[in-house]
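Protein chains in written order, with our numbering: chain A, 1 to 132; chain B, 133 to 420.
All remarks here apply to the structure that follows.
Written out as structure tokens, the structure is:
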């Protein structure tokens, strides 16, 4: 999920959706949850993360850090919402306190570590032409 | 021809000189000459001997070092293989301990038939997300495992099989929020429903008001509903609460099974859960 957010902010929606598909399908194949839930949730995350595309802080770590926390909650929340619609009992307050919040904090910390090397990698893959 | 003759003369001369020298040496006339020669030659000989000794020593050292290196490599290899063997033996010892505990459990509970199983691999054997509590086992339909069979360890109930493949099966753990097990308190026989929580803990709900439930009480499966056999250990009561607006008491349960360290488990293959819906439909069809 962190990778999807970071790459969508650095690149564009197409790249973000590709990562969302890869990550989501991997989770769906390994999970006992109904197939497709995590792919859908990650695609949603990529679409929302794309809102930042072309913004002023796109290349700095401020934007990905600001996005990771709410998007983590969005990812887990949307996945759990689909599970709830499919009949799984959910106590939302407990889910927020015990899952959403700790995971969002953890993912924000992971983004601090992951974004700089990804930024470097992206610049190596897509060198920007000099403009005068 | 001349060359051959000269060579023969030369050889004969050498032989004659050798014989002369031998004769003179035997008669004692050669010793002044040998002493003179040795006087001049001795220091050179000594130096040559030292040099030869040094070279020989170096060669020997090199050979020794090579031998020591080879020996060292052999010992290192032996140490490595012993270390691997030691790890394997420790692992076997641990597995043996677990299997012995499971064997004791099966001996104490002979009413069921068991199928031993292990988690296929810790990294891929568990649910990859933190929203669900499932594990995947390396036994499936080919081993006699079927849907809804209970899964236990020697410490108590783990959960039930929810999906079965030919060689693997998926187990819904007791701590999953969608899991519900009819249970009773061992001493007071008070019944309730043990449910999982999203944080991986257990609560016992629907405990009738006024019934005495205390921290430390042991919670067992009651067998009601026919989904699980009775008398399987679930856990121990840690806290009992009843809010004014609630009809029932709620107890927090500490599971006896450590769900984070599941390795070897037993699937109770002889237990057939009762499918009430199917039985009702069957009864209705037979009436018609």
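C-beta: ideal position from N, C-alpha, C; glycine also.
*Just how far apart, CA to CA, sit residue 366 of chain B and residue 391 of chain B?*
12 Å
*chain B partners of residue 99 of chain A, CB-CB under 9 Å?*
262, 263, 330 and 331
*With contact counted as at least three CB pairs below 8 Å, one residue from each stretch, are the stretch 274-283 of chain B and the stretch 258-265 of chain B in contact?*
The stretch 274-283 of chain B, when compared against the stretch 258-265 of chain B, does not touch it at the 8 Å Cβ threshold.
*asked:* Against chain B, with Cβ distances strictly below 7 Å, would residue 60 of chain A count as a contact?
replied: no
*asked:* On the CB-based measure, 16 or more other CB atoms within 10 Å of its CB, does residue 143 of chain B come out buried or exposed?
replied: Residue 143 of chain B comes out exposed.
_C-alpha gap between residue 43 of chain A and residue 33 of chain A, whole angstroms_ = 17 Å
*Within 10 angstroms of its Cβ, does residue 415 of chain B collect 16 or more other Cβ (buried), or is it exposed?*
exposed
_For the beta strand (DSSP E) containing residue 62 of chain A, name the first residue and the last one._
Run containing residue 62 of chain A: none in the beta strand (DSSP E); it sits in the alpha helix (DSSP H), 62-85.
*Should residue 387 of chain B be flagged as near chain A, meaning a C-beta pair shorter than 7 Å?*
no
*Check whether the Cβ of residue 94 of chain A lies closer than 7 Å to any Cβ atom in chain B.*
With 7 Å as the cut-off, residue 94 of chain A counts as an interface residue toward chain B.
_Partner residues on chain B for residue 124 of chain A, Cβ-Cβ distance less than 7 Å_ = Within 7 Å Cβ-Cβ: nothing; residue 124 of chain A doesn't reach chain B, min ~30 Å.
*Rounded to a whole number of angstroms, what is the C-alpha to C-alpha distance between residue 8 of chain A and residue 64 of chain A?*
10 Å
*asked:* Going by C-alpha to C-alpha distance, which of B/372, B/324 and B/383 sits closest to residue 115 of chain B?
replied: Missing from the structure shown is residue 115 of chain B; chain B here goes from 133 to 420 and no further.
*Just confirm the distance between the C-beta atoms of residue 313 of chain B and residue 353 of chain B, as a whole number of angstroms; I'd bet it's less than 8 Å.*
6 Å
*How would you call residue 92 of chain A, buried or exposed, if buried means at least 16 neighbouring beta carbons within 10 angstroms?*
exposed
*Are the Cβ atoms of residue 107 of chain A and residue 22 of chain A separated by less than 7 Å?*
No, these two residues do not count as a Cβ contact at 7 Å.
*Hey, out of B/396, B/304, B/372 and B/379, whose CA is closest to residue 31 of chain A's CA?*
B/304
*Consider the Cβ of residue 2 of chain A: report whether some Cβ of chain B lies at a distance smaller than 7 Å.*
no
*For the alpha helix (DSSP H) holding residue 337 of chain B, just list the boundary residues, first then last.*
No alpha helix (DSSP H) contains residue 337 of chain B, which is instead part of the beta strand (DSSP E) from 334-339.
*What's the call for residue 348 of chain B, buried or exposed, on a 16-neighbour Cβ count within 10 Å?*
It counts as exposed.
*If you draw a straight line from the C-alpha of residue 404 of chain B to the C-alpha of residue 242 of chain B, how long is it?*
16 Å
*Can you list, in chain order, the residues of its chain whose CB lies under 7 Å from that of residue 80 of chain A, leaving out five sequence neighbours each side?*
90 and 95
*For residue 76 of chain A, count neighbouring Cβ atoms within 10 angstroms of its own Cβ and tell me buried if that reaches 16, exposed if not.*
buried
*Just the C-alpha distance for residue 290 of chain B and residue 389 of chain B, rounded to the nearest angstrom, thanks.*
7 Å
*For chain A, is any of its Cβ atoms less than 7 Å away from the one on residue 310 of chain B?*
yes
*Secondary structure of residue 364 of chain B, DSSP reduced to three states*: coil
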